Amino acid sequence: DQQVKQNSPSLSVQEGRISILNCDYTNSMFDYFLWYKKYPAEGPTFLISISSIKDKNEDGRFTVFLNKSAKHLSLHIVPSQPGDSAVYFCAASGYAGGTSYGKLTFGQGTILTVHP
Amino acid sequence: DGGITQSPKYLFRKEGQNVTLSCEQNLNHDAMYWYRQDPGQGLRLIYYSQIVNDFQKGDIAEGYSVSREKKESFPLTVTSAQKNPTAFYLCASSPIAGGSYEQYFGPGTRLTVT
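Chains as they are written, first to last, in the working numbering: chain G, 161 to 276; chain A, -1 to 112.
This is the structure we're talking about:
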């Protein structure tokens, strides 16, 4: 049962344009969401996060939007740069009590390619 | 320089052999995690530990074992019972205090079993 889904396996964007990566979740207990960026053969690096009490969080070129009613979040990258080409994972977490604190559930990832 | 180290970067083993992957962190984080990544799939949680001498199974723990004897170290053993051990293995850590869910990842170990 995939609780976090990224339905687009890949996305191709021209340099300077906007990249929009999408993520859907099913578990209403999730209350914190993160985006990670990953290059091949390396560990993921944290990009940006959002708590369920907010609907938007911005950090430089990266903005994450959360629509709780639709159980949907998106990552916007503006403007996109060739160095942004990587796999992007969304992840979700929620305090369900006890030992599940801090546990992250990841989506399958979206490969972003930014063309010069 | 604080961070998470995983060694080795690449590991090759024959089928039927147990193999132990190393993970060390000097971030003074309480929690540590092991994930595996397969092509086209997200990161799947194998085991996690929130405190020394305690750990819990993740979503795909069968065929794996862990120990947490020191706060800094969380080695993962891939046993011969693991049916598809070839994968990219990632270790992560996070602070428990402060409500931060952010996990910091190591560079990973590519395990190939033939």
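Yeah, the Cβ is synthetic: ideal placement off N, Cα and C, and Gly gets one too.
Just so you know, these numbers come straight off a predicted model, no measurement behind them.
- At a C-beta separation below 7 Å, residue 185 of chain G has no neighbours in chain A, since its nearest C-beta there lies roughly 12 Å away.
- The continuous stretches of beta strand (DSSP E) do not include residue 264 of chain G, and DSSP gives it neither H nor E.
- Between residue 50 of chain A and the set A:68, A:27, A:43 and A:57, the nearest pair of CA atoms involves A:68.
- By the C-beta density criterion, residue 276 of chain G is exposed, having fewer than 16 other C-beta atoms within 10 angstroms.
- Among the CB atoms of chain G, none fall inside 9 Å of the CB of residue 81 of chain A.
- Measuring C-alpha to C-alpha distances from residue 233 of chain G to each of G:180, G:205 and G:169 identifies G:180 as the nearest.
- For the segment 163 to 198 of chain G, the full-length beta strand (DSSP E) segments reaching 3 residues or more read 170 to 174, 179 to 185 and 192 to 198 along the chain.
- Taking CB atoms only, residue 230 of chain G has no neighbour in chain A less than 9 Å away.
- Annotation for residue 232 of chain G: the continuous beta strand (DSSP E) segment containing it runs 232 to 237.
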